[in-house]
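Visitor:
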Amino acid sequence: MKEFLFTSPGEYCSLLLGQTIGELLVAGDILALWGELGSGKTLFAQGIAIGLGIAPEVRVTSPTFTIINEYSGRLHLYHLDLYRISTPDELETLPWKESLFGDGVAVIEWPHRLGRLLPSKRFDIKFSIDGEENRAILLRWRGRKNRARMAKWVEKLRSVQLEAVCAKC
């Protein structure tokens, strides 16, 4: 299995999916979040933060202007929002390499802006708007090591019965 499709009927379920995945992440994981504006990328990143044990009072926001935000939890969360950059060269003055290849987890919004610098060993998560509230969220694993972990992720996602919980929302 190379991918897993989840249908979220609302914000709570997208947040819960992010939280569940956040609980499974290990140091060095890179998540590339693909999707148009308003598709739920930042909300999902907030769920990741909850899953990483980042204090609930910490407000996780999209780093649209700062480009990189860092949060401390069970692991460091490096949240990158590359919406405002045109080329990877614009990142030269920022600690983006440390964010991607450090001791924490990197979550990247607008990852295509990294171009050839986007790591090949990563988790791709694609958000598609399907109506006013619904989101189709496609999880895809890249890299042999990441694919081996996929079965664990899918098992966990099914065990918490996200789809059943979310059907009641």
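Each residue of the sequence shown is one higher than the one before, starting from 86 at the first, in the working numbering.
In this text, a Cβ means the ideal position worked out from N, Cα and C, and glycines have one as well.
Keep in mind that this is a model prediction, so the values were computed, not measured.
Starting from residue 212, trace the beta strand (DSSP E) both ways and give me its first and last residue.
Guide: The sequence position of residue 212 within the sequence shown is 127, counting from 1. Its beta strand (DSSP E) spans residues 208 to 214.
Visitor: Under three-state DSSP, which class holds residue 236?
Guide: Counting from 1 along the sequence shown, the entry for residue 236 is found at position 151. In this structure, residue 236 counts as helix in the three-state DSSP scheme.
Visitor: Which of helix, strand or coil does DSSP assign to residue 164?
Guide: Within the sequence shown, the letter at position 79 stands for residue 164. Note: residue 164 maps to strand in three-state DSSP.
Visitor: Which partner residues of residue 152 appear in the DSSP bridge assignment?
Guide: Stepping through the sequence shown from its first residue, residue 152 is reached at position 67. In DSSP, residue 152 forms no bridge with anything.
Visitor: Touch check for the region 87 to 104 and the region 209 to 224: three-plus C-beta pairs under 8 Å?
Guide: With a cut-off of 8 Å, the region 209 to 224 and the region 87 to 104 count as touching, because enough Cβ pairs lie within range.
Visitor: Tell me the rounded alpha-carbon separation between residue 114 and residue 156.
Guide: Locating residue 114 in the sequence shown gives position 29, counting from the first residue. Locating residue 156 in the sequence shown gives position 71, counting from the first residue. Their backbone Cα atoms lie some 15 Å apart in a straight line.
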